Amino acid sequence: MQQNAPHTPSPGSLIRESGSITRAAPYDTRPPSPPTVDIPATRAMGRTSVVITPSPRNLDPALFNLDSDYSQIITHGLRPQEALDQASIWEYSARRSAQKVIDPSLYLGPLSVVRDREFMMKEKVTMVVKKDGQGGVPPTVPTLGPAAKKVTEELGIQVEAVGVSGLQELIREFPKLNEKIVRHLVQVHRRSSGSQTGKVLVCCETGNDRSAAVVVAYLIEVWGAGLIEALRFVLYRRFCVAWDDDTRRYLKNYEDILMAKRTGWQDQEANDRDAAAAADERRMNKLKRQLAAVGFYSDDDDDDDEMWDRYKNSSSSSEEASHQARGRNFAPFVERPPRVEGRRNN
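Residue numbers for the sequence shown follow UniProt numbering, beginning at 1 and rising by one.
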């Protein structure tokens, strides 16, 4: 005989079945919609520029030496970068050229720029990162084309071409590309003993969508910028860029992934602090035994126990305390307060 599956009451039926339970707050019963990532207009916010300040908040400490490489080479002396609103002065023909996003090491533009030998020599580009493929199209062997390939070979420019078929594959390439760009900047600096600065041109067919997403991911991970801040910054550097809703959502997912990794590194640091506190506790226990052996400590002494408790409390993990402070105490349903019937006045 087939048994029926257990019935799970809906929130509404739960409330109807038990008059002692009520909603703690209003809520919707429809499935959640994907969050939108809007880029606020700077002029509406009363500002005409965006400034990003380097901060290695999302960087893996094992990637490179943060004290020297990050401050001196990658962020050029921890110098803030400012992008002015180009809406009123942007010319349509500028979409065919490349714009400097990070001065002087990072450019964004179309593939046609790579074929411009004069531009590549003038700007002293040392690396080209090209994104191939469109959404829904199987990836092919990434290539620059014969004209662009000839320019890069003659000028000795390093080429990193990536073939992806969609956003899911592209987001997996973000950390690899960021690491390759970072390592290239450090390599050029060291190879020239500091006399040359590495310059990277990120491009796709138009320089307006997927390559722009690569640059945004670089600003988020390497420069520590927030997503909205990075989107606005790139938009003001190259006003013709355009990200659809899916691209912005994937960039938001990438930012969340980076923040989760950052939390993991912080937790590891907290574990190291806890290990140090445990070592202190072992040393204190050893000291207690030594003092007890010569009659200076007794488990029955309240003053000694109070001193020991104060030590243990001061050695507790600050990470655990902050985790408890962030704990959630919201319940979707609460008990309805009992009704109090009023007494009739005689």
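Glycine included, C-beta positions come from ideal geometry on N, C-alpha and C. The structure presented is a predicted model; accordingly, all values stated were derived computationally and were not measured.
Do residue i and residue j have their C-beta atoms closer together than 9 angstroms?
i: V125; j: L201; result: yes
i: I102; j: W223; result: yes
i: R238; j: A212; result: yes
i: V113; j: S97; result: yes
i: C203; j: R95; result: no
i: E153; j: V164; result: no
i: P40; j: R232; result: yes
i: S88; j: L78; result: no
i: G207; j: G109; result: yes
From the DSSP output, in three-state form, read off residue i for me.
i: P175; result: helix
i: S13; result: At S13 the pLDDT is 43, less than 50, meaning the model places this residue with poor confidence; the figure from the coordinates comes in the next sentence. Note: S13 maps to helix in three-state DSSP.
i: R23; result: strand
i: L201; result: strand
i: A331; result: coil
i: S211; result: helix
i: Q196; result: coil
i: K124; result: coil
i: S88; result: coil
i: S105; result: coil
i: M186; result: Looking at the sequence shown, residue 186 is not Met but Val. If DSSP states are grouped into helix, strand and coil, V186 belongs with the helices.
i: I73; result: helix
i: residue 381; result: There is simply no residue 381 to check, as the chain begins at 1 and stops at 346 in what is shown.
i: V159; result: strand
i: I228; result: helix
i: D28; result: coil
i: I39; result: coil
i: A94; result: helix
i: A242; result: coil
i: D132; result: strand
i: V51; result: strand
In whole angstroms, give me the CA-to-CA distance for residue i and residue j.
i: E255; j: K176; result: 15 angstroms
i: L144; j: V162; result: 11 angstroms
i: W90; j: T48; result: 14 angstroms
i: Q196; j: P31; result: 54 angstroms
i: Y236; j: E205; result: 20 angstroms
i: L155; j: A279; result: 58 angstroms
i: I181; j: V37; result: 27 angstroms
i: K261; j: E160; result: 26 angstroms
i: L227; j: P337; result: 44 angstroms
i: E229; j: K130; result: 24 angstroms
i: V215; j: I157; result: 19 angstroms
i: K252; j: R210; result: 15 angstroms
i: P80; j: V234; result: 15 angstroms
i: P35; j: D28; result: 15 angstroms
i: N178; j: Y218; result: 6 angstroms
i: E169; j: M284; result: 53 angstroms
i: P146; j: V51; result: 39 angstroms
i: E82; j: A276; result: 42 angstroms
i: G194; j: F119; result: 23 angstroms
i: S33; j: A242; result: 22 angstroms
i: R282; j: L84; result: 58 angstroms
i: E123; j: P26; result: 58 angstroms
CB-CB under 6 angstroms to residue i, same chain, minus the five flanking residues each way: which ones, in chain order?
i: K100; result: Y107
i: S55; result: G224
i: T75; result: P54
i: R117; result: V151
Residues in its own chain within less than 7 angstroms of residue i by CB, not counting five upstream and five downstream?
i: G198; result: S105, T126, M127, H184, L185, V188, H189
i: Y250; result: L167, I171
i: D69; result: V186
i: A148; result: L111, V114, R115
i: Q86; result: Y236, F239
i: D246; result: L167
Report all residues from its chain with a CB closer than 8 angstroms to the CB of residue i; omit the five preceding and five following residues, and keep chain order.
i: A24; result: F330, A331, P332, F333, V334
i: D244; result: D209
i: M121; result: L155
For residue i, would you say it is in contact with chain C, using Cβ-to-Cβ distances shorter than 9 angstroms as the test?
i: E118; result: No chain C is part of this structure, which consists of one protein chain only.
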